[in-house]
Amino acid sequence: MLARAGACGHDAGVILSKYLPVLHPAVWLIACAALAPVSAHAGDIVAQPSPFSLSGSAEALSQYRFRGISRSDGQPAVQGDLSVTHTSGIYAGVTLASESPGPAVDLGHGELDVYAGYDHALGASGWMLDVGLRGYFYADRAHADLVELSAALDHQIGPIDVRAGVAWAPPQGALGRTAPGNGLRDNLYAYAQARADIPGTPFNIHAHAGHTAGGLDYTGSYWDYRVGLGASRKAVGLDLSLVGTNVSHAAALAAPQGPAADPEATWRAARRAGVITLSYQF
Numbered sequence: 001m002l003a004r005a006g007a008c009g010h011d012a013g014v015i016l017s018k019y020l021p022v023l024h025p026a027v028w029l030i031a032c033a034a035l036a037p038v039s040a041h042a043g044d045i046v047a048q049p050s051p052f053s054l055s056g057s058a059e060a061l062s063q064y065r066f067r068g069i070s071r072s073d074g075q076p077a078v079q080g081d082l083s084v085t086h087t088s089g090i091y092a093g094v095t096l097a098s099e100s101p102g103p104a105v106d107l108g109h110g111e112l113d114v115y116a117g118y119d120h121a122l123g124a125s126g127w128m129l130d131v132g133l134r135g136y137f138y139a140d141r142a143h144a145d146l147v148e149l150s151a152a153l154d155h156q157i158g159p160i161d162v163r164a165g166v167a168w169a170p171p172q173g174a175l176g177r178t179a180p181g182n183g184l185r186d187n188l189y190a191y192a193q194a195r196a197d198i199p200g201t202p203f204n205i206h207a208h209a210g211h212t213a214g215g216l217d218y219t220g221s222y223w224d225y226r227v228g229l230g231a232s233r234k235a236v237g238l239d240l241s242l243v244g245t246n247v248s249h250a251a252a253l254a255a256p257q258g259p260a261a262d263p264e265a266t267w268r269a270a271r272r273a274g275v276i277t278l279s280y281q282f
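Just so we're aligned: 123 in my numbering is position 123 of the sequence shown, and the numbers increase by one with no gaps anywhere.
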């Protein structure tokens, strides 16, 4: 793509004059340089592709479930994600999610996840290795903030993508202690999932199963699952999923969770439920 050299390219000038009418001179020069590369010889140049790519998504959900457990007290929620990826496989991003405090799960009204990692092919095997770090931060529940390390293997087999991985949270305050006066707990989450695009259609089917053991357990260690049908057209997607856990009503009665220690609320947050997700990718 050719760009005419000058103080600022024509398209860039239009953008800046429309949205940034008052700028410090140094900011103006930096913006011009970013939007319209300038030739040192006042000639035409060919723009070089950037090694970085930016992507994101916005979602509206009928409820927010994290590893099978409702974090929005069964209420609708919104989420957004923005990430940048380098051609080397290094990536970083942020995720924002709304939450609704409940009698069983009370993590405040908002969650911010900050993550980074490295996704790279394992030779010519067709497998991808993804290792990363993620921090979970809660707007008004700082005592719940925690960090996880993760590793996963991913493989594409025709229209089917399979993935298996683990996420380990080292011992930290948010996970509590094994017993009063004892050491801090850790948490291990292991999962496997698959997604298959249905050829010739906009539809896909997917399934996920995971196991939580440690400081993030719920009435004890537990399994969660998700199975669903998705559809997408251009940047818009719609997903209908059944999400739940193997936490029983009896377990909820025996070990109620949360600030209210309400057995019925404990059961409601973990029992299976349909989740509708409307998404937009950009």
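Note that the Cβ used here is the ideal one computed from N, Cα and C, for glycine as well.
Can you tell me which of the three DSSP states HIS120 falls into? The sequence position of residue 120 within the sequence shown is 120, counting from 1. Looking at HIS120 - three-state DSSP - the assignment turns out to be strand.
Just tell me which of ALA250, ASP161, VAL243 and ALA270 has its CA closest to the CA of ALA196. Taking the sequence shown and counting its residues from 1, the one referred to as residue 196 is at position 196. Nearest C-alpha to ALA196: ASP161.
Using the Cα positions of LEU184 and ALA169, report the straight-line distance between them to the nearest angstrom. Within the sequence shown, numbered from 1, the residue matching residue 184 stands at position 184. Within the sequence shown, numbered from 1, the residue matching residue 169 stands at position 169. Approximately 11 Å, taken between the alpha carbons.
Relative to the alpha-carbon of SER88, which residue among GLY165, ASP130 and ASP154 has its alpha-carbon at the smallest distance? Taking the sequence shown and counting its residues from 1, the one referred to as residue 88 is at position 88. The shortest Cα separation from SER88 among GLY165, ASP130 and ASP154 belongs to ASP130.
Buried versus exposed call for THR277 [16 or more other C-beta atoms within 10 Å across all chains shown]: Taking the sequence shown and counting its residues from 1, the one referred to as residue 277 is at position 277. Under this definition THR277 is a buried residue.
Please determine if the region 97-109 and the region 118-134 are in contact, where contact requires at least 3 C-beta pairs separated by less than 8 Å. no
LEU54 to LEU242 span [Cα, whole Å]: By one-based count along the sequence shown, residue 54 stands at place 54. By one-based count along the sequence shown, residue 242 stands at place 242. Near 31 Å, if we compare the C-alpha coordinates of LEU242 and LEU54.
In the DSSP assignment, find the unbroken beta strand (DSSP E) run with GLU59 in it and report its ends. For the purposes of this step, residue 59 is identified with residue 59 of the sequence shown, where counting begins at 1. Looking at the DSSP string, the run of the beta strand (DSSP E) that includes GLU59 is 52-61.
Would ALA287 and ALA192 qualify as a contact pair, given that the criterion is a beta-carbon distance under 7 Å? No information on residue 287 is available, as it lies outside the stretch 1 to 282 that the chain covers here.
Sorted by chain position, which residues of the same chain lie with C-beta nearer than 6 Å to LEU253's C-beta, five sequence neighbours on each side aside? Within the sequence shown, numbered from 1, the residue matching residue 253 stands at position 253. The answer, listed in chain order, is PRO263.
Can the beta-carbon of TYR189 be found closer than 7 Å to that of ALA209? Sequence index remark: in the sequence shown, residue 189 carries index 189 (1-based). Sequence index remark: in the sequence shown, residue 209 carries index 209 (1-based). Cβ distance not < 7 Å, so TYR189 and ALA209 don't count as in contact.
Is the beta carbon of LEU153 less than 7 Å from the beta carbon of GLY215? Here residue 153 is taken as the residue at index 153 of the sequence shown, counted from 1. Here residue 215 is taken as the residue at index 215 of the sequence shown, counted from 1. Not a contact, by the Cβ cut-off of 7 Å.
Test item: CB-CB of ALA116 and ALA139 under 7 Å: Locating residue 116 in the sequence shown gives position 116, where the first residue counts as 1. Locating residue 139 in the sequence shown gives position 139, where the first residue counts as 1. Result no, Cβ atoms of ALA116 and ALA139 do not sit closer than 7 Å.
Counting only beta-carbon atoms, is THR95 nearer than 7 Å to chain B? Reference to chain B is not applicable here, since this structure consists of a single protein chain.
Grab me the residues of GLY228's own chain with a C-beta within less than 7 Å of its C-beta, minus the 5 sequence neighbours each way, in chain order. Locating residue 228 in the sequence shown gives position 228, where the first residue counts as 1. Correct list, in chain order: HIS206, ASP239, LEU240, SER241 and LEU242.
Could you say which of ALA124, LEU112 and ALA104 lies nearest to ASP145 if we only look at CA atoms? Counted from its first residue, the sequence shown places residue 145 at position 145. That would be LEU112, whose Cα lies nearest to the Cα of ASP145.
Near SER100, what residues of its chain come up, given a Cβ to Cβ distance below 6 Å and the 5 sequence neighbours on each side ignored? The residue given as residue 100 occupies position 100 in the sequence shown. Around SER100: SER72, ASP73 and GLN75.
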